[in-house]
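Reading through the structure tokens given below for one structure.
Protein chains: 2
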Amino acid sequence: MEKISNYIEKNRERFLNELFELIRIPSISTQSEHKNDMRRAAEQYKKFLLQAGADKAEVMPTAGNPVVYAEKIVGSSKPTVLIYGHYDVMPADPLELWKSPPFEPEIRDGKIYARGADDDKGQGFMHVKAFETLIRTNMLPVNVKFMIEGEEEIGSVSLEGFCQTHKELLKSDIVLVSDTGMIASDIPTITVGLRGLAYWQVEVTGPDRDLHSGLYGGAVANPVNVLSKLIASMTDENNHIAIPGFYDDVLNVSEKERELMNSAPFDEEEYKKSINVEELQGEKGYTTTERTGIRPSFDVCGIWGGYSGEGAKTILPSKATAKISSRLVPNQDYRKIAQLFESYFKEIAPKSVKVNVKYLHGGQAYVCPINLPAYKAAEKAFQKVYGKLPIPKRSGGSIPVISTFENVLGVKSILIGFGLDSDSIHSPNENYPVSHFYKGIETIAWFYQYFAEKF
Amino acid sequence: MEKISNYIEKNRERFLNELFELIRIPSISTQSEHKNDMRRAAEQYKKFLLQAGADKAEVMPTAGNPVVYAEKIVGSSKPTVLIYGHYDVMPADPLELWKSPPFEPEIRDGKIYARGADDDKGQGFMHVKAFETLIRTNMLPVNVKFMIEGEEEIGSVSLEGFCQTHKELLKSDIVLVSDTGMIASDIPTITVGLRGLAYWQVEVTGPDRDLHSGLYGGAVANPVNVLSKLIASMTDENNHIAIPGFYDDVLNVSEKERELMNSAPFDEEEYKKSINVEELQGEKGYTTTERTGIRPSFDVCGIWGGYSGEGAKTILPSKATAKISSRLVPNQDYRKIAQLFESYFKEIAPKSVKVNVKYLHGGQAYVCPINLPAYKAAEKAFQKVYGKLPIPKRSGGSIPVISTFENVLGVKSILIGFGLDSDSIHSPNENYPVSHFYKGIETIAWFYQYFAEKF
Numbered sequence: 001m002e003k004i005s006n007y008i009e010k011n012r013e014r015f016l017n018e019l020f021e022l023i024r025i026p027s028i029s030t031q032s033e034h035k036n037d038m039r040r041a042a043e044q045y046k047k048f049l050l051q052a053g054a055d056k057a058e059v060m061p062t063a064g065n066p067v068v069y070a071e072k073i074v075g076s077s078k079p080t081v082l083i084y085g086h087y088d089v090m091p092a093d094p095l096e097l098w099k100s101p102p103f104e105p106e107i108r109d110g111k112i113y114a115r116g117a118d119d120d121k122g123q124g125f126m127h128v129k130a131f132e133t134l135i136r137t138n139m140l141p142v143n144v145k146f147m148i149e150g151e152e153e154i155g156s157v158s159l160e161g162f163c164q165t166h167k168e169l170l171k172s173d174i175v176l177v178s179d180t181g182m183i184a185s186d187i188p189t190i191t192v193g194l195r196g197l198a199y200w201q202v203e204v205t206g207p208d209r210d211l212h213s214g215l216y217g218g219a220v221a222n223p224v225n226v227l228s229k230l231i232a233s234m235t236d237e238n239n240h241i242a243i244p245g246f247y248d249d250v251l252n253v254s255e256k257e258r259e260l261m262n263s264a265p266f267d268e269e270e271y272k273k274s275i276n277v278e279e280l281q282g283e284k285g286y287t288t289t290e291r292t293g294i295r296p297s298f299d300v301c302g303i304w305g306g307y308s309g310e311g312a313k314t315i316l317p318s319k320a321t322a323k324i325s326s327r328l329v330p331n332q333d334y335r336k337i338a339q340l341f342e343s344y345f346k347e348i349a350p351k352s353v354k355v356n357v358k359y360l361h362g363g364q365a366y367v368c369p370i371n372l373p374a375y376k377a378a379e380k381a382f383q384k385v386y387g388k389l390p391i392p393k394r395s396g397g398s399i400p401v402i403s404t405f406e407n408v409l410g411v412k413s414i415l416i417g418f419g420l421d422s423d424s425i426h427s428p429n430e431n432y433p434v435s436h437f438y439k440g441i442e443t444i445a446w447f448y449q450y451f452a453e454k455f
Numbered sequence: 001m002e003k004i005s006n007y008i009e010k011n012r013e014r015f016l017n018e019l020f021e022l023i024r025i026p027s028i029s030t031q032s033e034h035k036n037d038m039r040r041a042a043e044q045y046k047k048f049l050l051q052a053g054a055d056k057a058e059v060m061p062t063a064g065n066p067v068v069y070a071e072k073i074v075g076s077s078k079p080t081v082l083i084y085g086h087y088d089v090m091p092a093d094p095l096e097l098w099k100s101p102p103f104e105p106e107i108r109d110g111k112i113y114a115r116g117a118d119d120d121k122g123q124g125f126m127h128v129k130a131f132e133t134l135i136r137t138n139m140l141p142v143n144v145k146f147m148i149e150g151e152e153e154i155g156s157v158s159l160e161g162f163c164q165t166h167k168e169l170l171k172s173d174i175v176l177v178s179d180t181g182m183i184a185s186d187i188p189t190i191t192v193g194l195r196g197l198a199y200w201q202v203e204v205t206g207p208d209r210d211l212h213s214g215l216y217g218g219a220v221a222n223p224v225n226v227l228s229k230l231i232a233s234m235t236d237e238n239n240h241i242a243i244p245g246f247y248d249d250v251l252n253v254s255e256k257e258r259e260l261m262n263s264a265p266f267d268e269e270e271y272k273k274s275i276n277v278e279e280l281q282g283e284k285g286y287t288t289t290e291r292t293g294i295r296p297s298f299d300v301c302g303i304w305g306g307y308s309g310e311g312a313k314t315i316l317p318s319k320a321t322a323k324i325s326s327r328l329v330p331n332q333d334y335r336k337i338a339q340l341f342e343s344y345f346k347e348i349a350p351k352s353v354k355v356n357v358k359y360l361h362g363g364q365a366y367v368c369p370i371n372l373p374a375y376k377a378a379e380k381a382f383q384k385v386y387g388k389l390p391i392p393k394r395s396g397g398s399i400p401v402i403s404t405f406e407n408v409l410g411v412k413s414i415l416i417g418f419g420l421d422s423d424s425i426h427s428p429n430e431n432y433p434v435s436h437f438y439k440g441i442e443t444i445a446w447f448y449q450y451f452a453e454k455f
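Which chain is which? The protein sequence lines are A and B, in order.
Note that the first sequence covers residues 1 to 455 in the working numbering.
Note that the second sequence covers residues 1 to 455 in the working numbering.
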């Protein structure tokens, strides 16, 4: 039974080089100039899946970026695992903050530095290598299907349609995903909750051109001042979201579950130090773990308007724009929240400006029951490789498709992630510890063994 | 006595071509890449002043951009007029909104379109041409000095020092300035009040890098949300500025003066239409004329932070920045206001972020008494050229140096401006009616005649 670790050990270098090939393709889904890189990344994944031993692999069209589908069927009576991942990545800007080029992976202090090193090329590719390991060692006990999409970072806009069209093809007993994190390097973690998401772009227009702030200032509404007031009105002094009806569907979590949640290891001083802030700030009455785990949030992701160049330009700007996202919790419907926000924003905007609210994307929150057979199999795999039981964790992040899988394909997902908070995903200098890459491959390979037994 | 209008008529085309030469130099003082253009513009002014007939003209150093000084002394017993203007201009962005290139002047519908067409190359250059007209027609009755600076748009930071160093050289009986506007093309206007100014750049820093808005959102202060709250807190629901002590030194204007002020022609519907807004917004209890004339204002001139690219990037930004200006009224001290804002901004900022307030520049407000001999001379000059008396007006704009002239040189200023609200100064498609250019030259030439009589 040491075949698994032996095979990984023997192929260490090649596994890493192949991952680097994938990372070098700047597959940024939110920027249309990278359209061609999306296809290149998909084709590269297909190539690696065929080399790993898939019966077939295809780059399949969707309404947007293509999906890579691959499969290996070992027997019609065997259970089937559907691997989900994504080959697209976040934009790399601000580029000047990167210590090495974002699409030229570099290893420093045992970590791979690159955009996508963790999210989700590093984590997604572990599944290709675990799959190869089991095929090449004749140890694959179940059927495996791969569905690797190219639009996760822009809300998986085409994946629901893809799932609906290919229900039969995607038939499976469990979806296995590595796109989440661990509490710490030595604390294996299974994510049992994900937040939902709603994302908007709002625009406030005042005068039809920038005005002289002296001649008009005080008499004409300033769109930046107005947008600031509108954003400020969305939360109250307790950092509670002030949109009417926003919390109506939020499930209250029992005192007991909150206690359990707060007993997980968490060092607030360490946490503050890791992001260099002196104080934390969040909803009154909740701990940091609760604020990201079981409570919704309201964040401006970007804002711009008026003059941002050198020196002082005395204008009253014509326009101000912001990108705003809200993380949601189980039972909140993202479509309803999208509507509530839009109504409130428009309602409280003064008539002295025109406002435009554009809903960009969203998705539902998710909860995974810890008595699921797949959960138990994952638990054993972690115990085998890490020597200890994993901790079930509610993450603040969102993977909107997870609820789509449940609704459309009728199948639960199990989220075994190997990332760390310090991986800086979505930020400059994203990184992923090399050791996590190899341990992840090993854990996934063991998951299949226990899952086959359990099922 | 028709010599003046004849000379102008005969040289119409050349006057305009010379102005265009000046406009083509992109002398944007707030952008350091235009350092060389500042000198080029100054040298060009010097050349034109010598050609016009100045005894001497020099480009003189200051702590910043140089000042063009020129003079024509007709007799030591004669009164002396000091012309003030500026050769620097505002940045031209957003460039995409210009219908013709900002530094390639173009005449459309009787208007010169270009950055600086009005502010202040168009208006400043009228003085050079009025000066030439009187010299060439042997009609210059007084001594004339020119002081044309290159930092007006960045707060005239070096001019106070220049005035202090060259008090004797700049000795004069009145400062004459054309850098303001008329109520309408057929309503000559003398600006008797200017607002003061204070300008800051503020920066709010949260975490030391952009964070994933899912993993951290709700637990860590978002600098854009915080900056929005801080900006929102600077004004109340009546658009009254909420900074403690802000109004302490504001002089109350008598009911009678307010009545007089509000009797000046003002068409609110026309005003709203001209900037394409449906409603005006300003301090409760004051009319639009009062809001820009006798009341202070608080405007964000620019804001930026986080992601502003295509699509949806789900981050909690590390930083948010804003440029903020406040227009002040007579008796408010800009240094005191600068301090009050900084203290309040820092006081109300939560400890979850770091804030930085950088004071960029400012200046005092100004009032000109309407019984000044120079005011009377200007009144007669307008009556001569326009056939009617000018209206004394309090402008919302600021020319901070005007109070410097009073304090350092001990001399009052008279502001005869020929711009229109529709000139879009500081905005894309700045323009200046050609007829205003010529009528301005004529009015200025007549001013000298009446000023010599009156004095």
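Heads up, the beta-carbon is just placed ideally off N, CA and C, and yes, glycines get one too.
Span separating the alpha-carbon of C301(B) from that of H361(B): Distance between C301(B) and H361(B), taken at the CA atoms: about 14 angstroms.
Neighbour flag for R335(B) against chain A, beta carbons, 8 angstroms: Interface with chain A (8 angstroms Cβ-Cβ cutoff): R335(B) is excluded.
Segment contact, 8 angstroms Cβ cut-off, at least three pairs: the stretch 266 to 281 of chain A with the stretch 350 to 367 of chain A: Per the Cβ contact rule, the stretch 266 to 281 of chain A is not in contact with the stretch 350 to 367 of chain A (fewer than 3 Cβ pairs under 8 angstroms).
Exposure of Q44(B), with buried meaning 16 or more beta-carbon neighbours within 10 Å: By the neighbour-count definition (other C-beta atoms within 10 Å, threshold 16), Q44(B) is a buried residue.
C-beta contact flag for G293(B) and G193(B) at 8 angstroms: Yes.
Cβ-based burial, A458(A) [other Cβ within 10 Å; buried from 16]: No answer is possible for residue 458(A): the residues shown for chain A start at 1 and end at 455.
Buried versus exposed call for K469(B) [16 or more other C-beta atoms within 10 Å across all chains shown]: Because residue 469(B) is not part of the residues shown, which for chain B are 1 to 455, the question remains open.
Length of the line joining the Cα atoms of D179(A) and N431(A): Going from the Cα of D179(A) to the Cα of N431(A) covers about 14 angstroms.
Residue-level contact to chain A via CB, T133(B), 8 angstroms cutoff: No, T133(B) lies away from the interface with chain A (no Cβ there is under 8 angstroms from its Cβ).
Q281(B) at chain A interface by Cβ criterion, 8 angstroms: At least one CB atom of chain A sits nearer than 8 angstroms to the CB of Q281(B).
Run of the beta strand (DSSP E) containing L415(A), from where it starts to where it stops: Taken as a continuous stretch (DSSP letters only), the beta strand (DSSP E) holding L415(A) covers S413 to I416.
D299(B) in three-state terms, based on DSSP: DSSP places D299(B) within a strand segment (E or B) once states are collapsed to three.
Contact between the stretch 38 to 56 of chain A and the stretch 65 to 74 of chain A (3+ Cβ pairs under 8 angstroms): A contact exists between the stretch 38 to 56 of chain A and the stretch 65 to 74 of chain A.
Chain-order list of residues whose beta-carbon lies under 8 angstroms from that of A338(A) (same chain, five-residue window excluded): Correct list, in chain order: A198, W200, Y359 and G362.
Any C-beta of chain B under 8 angstroms from that of E98(A): For clarity, residue 98(A) is Trp in the given sequence; the question names Glu instead. Between W98(A) and chain B, the shortest Cβ-Cβ separation is not below 8 angstroms.
Buried or exposed (CB count within 10 angstroms, at least 16 for buried), E453(A): Of the residues assessed, E453(A) falls on the exposed side of the cut-off, its CB having fewer than 16 other CB atoms within 10 angstroms.
P66(B) and Q281(A) closer than 8 angstroms at C-beta: Not closer than 8 angstroms, so no.
Environment of I370(B) [buried if 16+ CB atoms lie within 10 Å]: It is exposed - the Cβ of I370(B) has fewer than 16 other Cβ atoms within 10 Å.
Residues of its chain near P223(B), where Cβ-Cβ distance is below 8 angstroms and the 5 sequence neighbours each way are ignored: Contacts found: V204, T205, G206, G305, P317, S318, K319, A320 and V353.
Exposure label - L82(A); buried when at least 16 CB within 10 Å: The residue in question, L82(A), is buried, as its Cβ has 16 or more Cβ neighbours within 10 Å.
Spatial neighbours of K380(B) in its chain, beta-carbon cut-off 7 angstroms, leaving aside the 5 residues before and after: Y450, listed in sequence order.
Boundaries (first-last residue) of the alpha helix (DSSP H) holding G110(B): Run containing G110(B): none; DSSP gives neither H nor E here.
Three-state secondary structure assigned by DSSP to E104(B): Coil.
Bridge partners - G363(A), DSSP secondary structure assignment: For G363(A), which the question treats as bridged, DSSP gives the partners L197(A).
Cβ distance (whole Å) where V367(A) is taken to contact I112(A) below 8 angstroms: Not quite, the Cβ-Cβ distance comes to about 32 angstroms (not below 8 angstroms), so this is no contact.
S32(A) (DSSP reduced to helix, strand or coil): Reduced to three states, the DSSP call for S32(A) is helix.
C-alpha distance - F382(A) paired with V144(A), whole-angstrom precision: The straight-line gap from Cα to Cα measures roughly 20 angstroms.
CB contact flag (R327(A), R195(A), <8 angstroms): With a cutoff of 8 angstroms on beta-carbon distance, R327(A) and R195(A) are scored as near each other.
Of the listed residues S395(B), N331(B), E406(B) and V411(B), nearest to G419(B) (C-alpha basis): Each of S395(B), N331(B), E406(B) and V411(B) was checked against the Cα of G419(B), and the nearest Cα belongs to S395(B).
7 angstroms CB neighbourhood of H436(B) in its chain, flanking five on each side removed: Around H436(B): F418.
Validate contact between the stretch 8 to 16 of chain B and the stretch 31 to 43 of chain B using beta carbons, cut 8 angstroms, 3 pairs: Counting C-beta pairs with one atom in each stretch, the stretch 8 to 16 of chain B and the stretch 31 to 43 of chain B have fewer than three that are closer than 8 angstroms, which means they do not touch.
Spatially closest choice to I241(A) from K284(A), A377(A), L409(A) and N17(A), by CA coordinates: For the options K284(A), A377(A), L409(A) and N17(A), the alpha carbon positioned closest to that of I241(A) is the one of K284(A).
Three-way DSSP call (helix, strand, coil) for S398(B) in this model: The answer is coil: DSSP assigns S398(B) none of H, G, I, E or B.
Residue-chain proximity (V355(A), chain B), Cβ-Cβ < 8 angstroms: Under the Cβ criterion of 8 angstroms, V355(A) is not counted among the residues facing chain B.
Minimum Cβ-Cβ distance from V456(A) to chain B less than 8 angstroms: This structure leaves residue 456(A) out entirely; chain A is present only between 1 and 455.
Of the residues S32(A), L170(A), I183(A) and K35(A), the one placed nearest K412(A), counting alpha carbons only: With distances taken between CA atoms, K412(A) lies nearest to L170(A) out of S32(A), L170(A), I183(A) and K35(A).
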